[in-house]
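In terms of our numbering, the sequence shown opens at residue 7 and continues consecutively.
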Amino acid sequence: MIIAIDGPSASGKGTLSKRLAAHLGYAHLDTGKIYRAVGMAVLRAARDPANEGAAIAAARALDPATLRDPELTGEDAAIAASKVAAITAVRDVLLQFQRDFAARPPGDAGGAVLDGRDIGTVVCPYADVKLYVVASAEVRAERRHKELLERGEDSIYARVLQDMKDRDDRDSNRPIAPLKPAENAFTLDTSELDADQAVKVALSEIEKRGR
Ligand code: C5P
């Protein structure tokens with residue numbers, strides 16, 4: 007059983023994916039972390055994440071153990087991720103890792119939940135269930151702003167909103183694997199839902215489509 011969850015940043019897809027995986031006993035892969043790890047590796051090598059050679063080398067050298075690095079959750083990693091993610095050869099290198107995870111989830115789990123931008127369209131177009139999670143840019147920026155303040159980081163709402171719009175723009179308008187709903191995806195708008203409500207709606211959709 008493969009569940010593909012796509013959507014823009016702070017749409018609620020990460021929390022939803024984790025909770026669905028825990029509820030169903032499936033393995034979970036946050037594919038954004040992979041791009042963030044590659045972006046961070048390029049930054050740490052003091053190179054530009056938009057530099058193809060540097061980004062491809064970092065993607066080839068990716069160690070899955072680094073996906074737990076707490077620095078990956080920061081905004082620098084997010085911005086670098088969206089730059090390396092726009093490079094075709096980087097995506098090609100990372101594709102097999104994601105497909106292997108879906109086909110053989112770790113721990114012999116009976117299924118996998120993958121979340122990202124292109125899971126339903128490119129990585130697992132054969133997924134049993136595809137969800138496309140959205141929320142308005144203002145609601146998403148508010149969530150991210152709150153999260154940053156709670157972590158004790160400096161944050162200015164207007165700046166967060168602008169960074170989010172820029173990242174949405176890069177993710178949606180890149181020629182390769184742009185952010186968009188798969189044809190048969192179920193769109194779940196979380197603007198007015200809390201995490202419990204979103205899980206409930208998703209589970210009822212999974213019951214209908216996959217289980
Ligand atoms: O989901 P997250 O915000 O961690 O993703 C960081 C960046 O990685 C995104 O803005 C996007 O550019 C890229 N990404 C991607 N494809 C995925 C997951 C993430 O291009 N499947």
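Yeah, the Cβ is synthetic: ideal placement off N, Cα and C, and Gly gets one too.
Just so you know, these numbers come straight off a predicted model, no measurement behind them.
Nearest candidate by alpha-carbon position, reference Lys-24, set Asp-202, Ser-210 and Arg-215: Closest in alpha carbon position to Lys-24, among Asp-202, Ser-210 and Arg-215, is Asp-202.
Find out if the Cβ-Cβ distance for the pair Arg-42, Leu-78 is shorter than 8 angstroms. In this structure, Arg-42 places its C-beta atom within 8 angstroms of the C-beta atom of Leu-78.
Is there contact here, the region 178 to 192 with the region 122 to 139, by at least three beta-carbon pairs under 8 angstroms? With the cut-off at 8 angstroms, the region 178 to 192 and the region 122 to 139 touch.
Gly-13 in three-state terms, based on DSSP: Judged by DSSP in its simplified three-state form, Gly-13 adopts coil rather than helix or strand.
Proximity winner among Gly-13, Leu-209, Lys-19 and Ala-33, relative to Gly-113 (alpha-carbon distances): The candidate whose alpha carbon is nearest that of Gly-113 is Ala-33.
Is DSSP giving Leu-137 helix, strand or coil here? Leu-137: strand per DSSP, three-state reduction.
Contacting residues, own chain, Cβ-Cβ under 6 angstroms from Leu-167 (five flanking each side not counted): Correct list, in chain order: Ala-147.
Taking Asp-121 as part of the beta strand (DSSP E), name the residues at either end of that continuous run. Its beta strand (DSSP E) spans residues 118 to 122.
With burial defined as no fewer than 16 other Cβ atoms inside 10 Å of the residue's Cβ, what is the status of Ala-133: buried or exposed? That one is buried.
Touch check for the region 88 to 95 and the region 41 to 57: three-plus C-beta pairs under 8 angstroms? The region 88 to 95, when compared against the region 41 to 57, does touch it at the 8 angstroms Cβ threshold.
Does DSSP put Glu-193 in a helix, a strand or coil? Residue 193 is actually Thr in this sequence, not Glu. Residue state, collapsed to three classes: strand.
Rounded to whole angstroms, what's the CA-CA distance from Lys-152 to Asp-177? Just pull it up for me. A direct Cα-to-Cα measurement between Lys-152 and Asp-177 gives close to 23 angstroms.
Exposure label - Pro-70; buried when at least 16 CB within 10 Å: With fewer than 16 other Cβ atoms within 10 Å, it is exposed.
Near the ligand C5P: Ile-125 beta-carbon under 7 angstroms from a heavy atom: The beta carbon of Ile-125 sits closer than 7 angstroms to at least one heavy atom of the ligand C5P.
Any heavy atom of the ligand C5P closer than 7 angstroms to the CB of Thr-37? At a threshold of 7 angstroms, Thr-37 counts as near the ligand C5P, since its beta carbon sits closer than that to one of the ligand's heavy atoms.
Just the Cα atoms here: how many angstroms apart are Leu-73 and Ile-40? Each residue's alpha carbon lies about 7 angstroms from the other.
Proximal residues to Arg-50 (C-beta, below 6 angstroms), its chain only, five neighbours per side dropped: In its chain, beyond the 5 residues on either side, no residue has a beta carbon closer than 6 angstroms to the beta carbon of Arg-50.
Cβ of Gly-227 within 7 angstroms of any heavy atom in the ligand C5P? With the chain running from 7 to 217 in the structure shown, residue 227 is simply not present.
Since Ser-197 and Ala-118 are thought to touch, with beta carbons under 8 angstroms apart, how far apart are those beta carbons, to the nearest angstrom? Incorrect: roughly 27 angstroms between the Cβ atoms, too far for contact.
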